[in-house]
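In the working numbering, the protein residues as written are -17 to 258. Built from N, CA and C at the ideal position, the CB exists for glycine as well.
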Amino acid sequence: MNAPSTIHKASVQFSPGEARIRVQNLGKRYGTLEVFRDVTFDVGAREIVAVVGPSGCGKTTLLRCIDGLISVDNGEIWVDHTRVTGPTPGMAMVFQHFGLFPWKTVADNVAYGLRMAGTPKAEIAKRVPDFIKLVGLAGFEKAYPYQMSGGMQQRCGLARALAVEPNVLLMDEPFAAVDAQTREILQFELLRIWQQRPTAMIFVTHSIEEAVLLGHRVVVLKGRPSSIYETIAIDLPGQRTRETLREPRFAELRERVWSTLMSEARAAEFVLENQN
Ligand SMILES: Nc1ncnc2c1ncn2[C@@H]1O[C@H](COP(=O)(O)OP(=O)(O)O)[C@@H](O)[C@H]1O
Ligand SMILES: [Mg+2]
-17 MNAPSTIHKA SVQFSPGEAR IRVQNLGKRY GTLEVFRDVT FDVGAREIVA
33 VVGPSGCGKT TLLRCIDGLI SVDNGEIWVD HTRVTGPTPG MAMVFQHFGL
83 FPWKTVADNV AYGLRMAGTP KAEIAKRVPD FIKLVGLAGF EKAYPYQMSG
133 GMQQRCGLAR ALAVEPNVLL MDEPFAAVDA QTREILQFEL LRIWQQRPTA
183 MIFVTHSIEE AVLLGHRVVV LKGRPSSIYE TIAIDLPGQR TRETLREPRF
233 AELRERVWST LMSEARAAEF VLENQN
C-alpha cells in the first residue's frame, strides 16, 4: 500500500511510510442525522494528517469511529491490515478537555492505559516516570489535575496516550482549551516528541495555523453531511520550528487552507440559499 503520490511530490524531507490507517468510503449517521458520507483517506505510518472543518461537521465522530469506540454505518477502517470493529490496541486518543480522572494523581492517570492493557506492575512503575519526564512534568507525579494549569493537564493527557506506545495517535483539538502562549509551546513539544518516535497521527484542530504547522497534509472537511472537500499537501522543507512560522511558504499555505475553507463555506451557503 502506498501513501498518496502528492506527498512524494510535495516533500522530500519526510517519508510517510506505508499507510497505517486506511479509511474507506466511511459513512456515519446518528438516527436520521447523516454526519458524513464517503470519507476516504490514508495516513502513513510516520505521517501527521491535520483535519479542519466547520464546527459540528463530524470531526470528533470520525476519530471515535477510527478508535473503534462507535460503530460505522458504511465503509471500512483498517489499521495495519486489521479491520477496526471495536476498541483496538495500539491506538490512543487525546481529548480537548484533557479527559483526566480528577481523583487520580498525574502518575496514576499516566499509568491508566497501561493498567487497562494488562501491563505488569513493575513495568508500569518503570515506564510511567519516563513519559512524565518526556512531557515536562517531572516533579508533578503526585499532583492532582485540579492543582495544575490547563497546559499541564494536557501534558498529562499526552503522557497517558504516549505511555501505551501507540502506533496511532488521535488528537481531538488537544490544545483548544489552553491559552495561546501555552498552545504554541505545546505544539513544538508535540513536534519534538513526534520526531523522537514518529507515529501515524490524525490531528483535529480549528486553528488553520496549527494545521499547517503540524500537518504533512491538511484534510479540509465540508459541512453536513460531511465529506472531504480538499486535501492540501504541506510542502514545508526541513524540521518545523518557530522560524517556520515566519517563512513565506508557511504564509502561502496558511492562506491556501484558509481560502479552501472559505470557498467551502460559500458553497455551503449557496446550497442553503437554493434550498430556500
Ligand atoms: N452521540 C450522539 N448522538 C447524536 N448526535 C450526535 C452525537 N454525537 C455528535 N452528534 C451530532 O453529530 C454532529 C457531529 O458532531 P461532532 O462529531 O462532535 O462534530 P465536530 O467534532 O466536527 O464539531 C453534530 O451535529 C452533533 O450534534
Ligand atoms: Mg469535536
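Sequence-distant residues of its chain with Cβ nearer than 8 angstroms to residue i (five each side left out)
i: proline 69; result: Asp49, Gly50 and Leu51
i: alanine 145; result: Val92, Ala93, Gly95, Leu96, Arg109, Val110 and Phe113
i: isoleucine 175; result: Leu116, Val117, Leu140 and Leu144
i: tryptophan 240; result: Ile190
i: methionine 78; result: Correcting the residue type first, residue 78 is glutamine in the shown sequence and not methionine. Excluding sequence neighbours, glutamine 78 sits near Asp154, Glu155, Pro156, Ala158 and Ala159.
i: isoleucine -11; result: The predicted model places isoleucine -11 with a pLDDT of 38, which falls under 50 and marks its position as unreliable, so this point remains unresolved.
Chain-order list of residues whose beta-carbon lies under 6 angstroms from that of residue i (same chain, five-residue window excluded)
i: valine 117; result: Arg137, Leu140 and Ala141
i: glutamate 259; result: Beyond the ends of the chain as shown, which are -17 and 258, falls residue 259; an answer cannot be given.
i: phenylalanine 122; result: Val88
i: serine -7; result: Note on serine -7: pLDDT 38, under 50, position unreliable in the model; no value is reported.
i: aspartate 6; result: First, the residue type needs correcting, since residue 6 is glutamine and not aspartate in the sequence shown. Hits under 6 angstroms: Thr22, Gly57 and Glu58.
i: arginine 248; result: none
i: alanine 250; result: Gly205
Extent of the continuous beta strand (DSSP E) run through residue i
i: tryptophan 60; result: 56 to 61
i: glutamate 16; result: 15 to 26
i: arginine 4; result: 1 to 12
i: threonine 213; result: 210 to 215
i: leucine 203; result: 199 to 203
Identified DSSP bridge partners for residue i
i: phenylalanine 252; result: For phenylalanine 252, which the question treats as bridged, DSSP gives no partner whatsoever.
i: arginine 65; result: Trp60
i: alanine 74; result: Leu151
i: isoleucine 267; result: Residue numbering for the chain in the displayed model covers -17 to 258; residue 267 lies beyond these limits and cannot be assessed.
Within 8 angstroms, strictly: CB atoms of residue i and residue j
i: methionine 134; j: phenylalanine 185; result: no
i: leucine 218; j: arginine 231; result: yes
i: lysine 204; j: glycine 57; result: no
i: isoleucine 3; j: alanine 182; result: yes
i: glycine 9; j: aspartate 20; result: yes
i: serine 209; j: phenylalanine 18; result: yes
i: alanine 159; j: glycine 197; result: no
i: valine 150; j: alanine 32; result: no
i: proline 156; j: alanine 74; result: no
i: threonine 242; j: valine 202; result: yes
i: phenylalanine 170; j: arginine 236; result: no
i: proline 127; j: leucine 82; result: yes
i: proline 268; j: alanine 99; result: Because the chain here runs from -17 to 258, residue 268 falls outside it and cannot be looked at.
Where the alpha helix (DSSP H) containing residue i begins and where it ends
i: arginine 179; result: Unbroken run through arginine 179: none, as it is neither H nor E.
i: methionine 98; result: 88 to 98
i: alanine 107; result: 103 to 116
i: isoleucine 48; result: 41 to 48
i: alanine 193; result: 190 to 196
i: glutamine 136; result: 132 to 145
Contacts around residue i, its chain only, beta-carbon distance under 7 angstroms, and the 5 residues preceding and following it disregarded
i: arginine 11; result: Val17 and Asp55
i: glutamine 178; result: none
i: arginine 222; result: Leu173 and Leu195
i: cysteine 47; result: Leu8, Lys10, Val54 and Ile59
i: threonine 187; result: Ala32, Val34, Glu155 and Ala193
i: proline 180; result: Arg28
i: alanine 120; result: Ile114
Residue i beta carbon near ligand 4 (any heavy atom closer than 7 angstroms)
i: valine 17; result: By its list of ligands, the structure shown excludes ligand 4, since it contains just ligand 1 and ligand 2.
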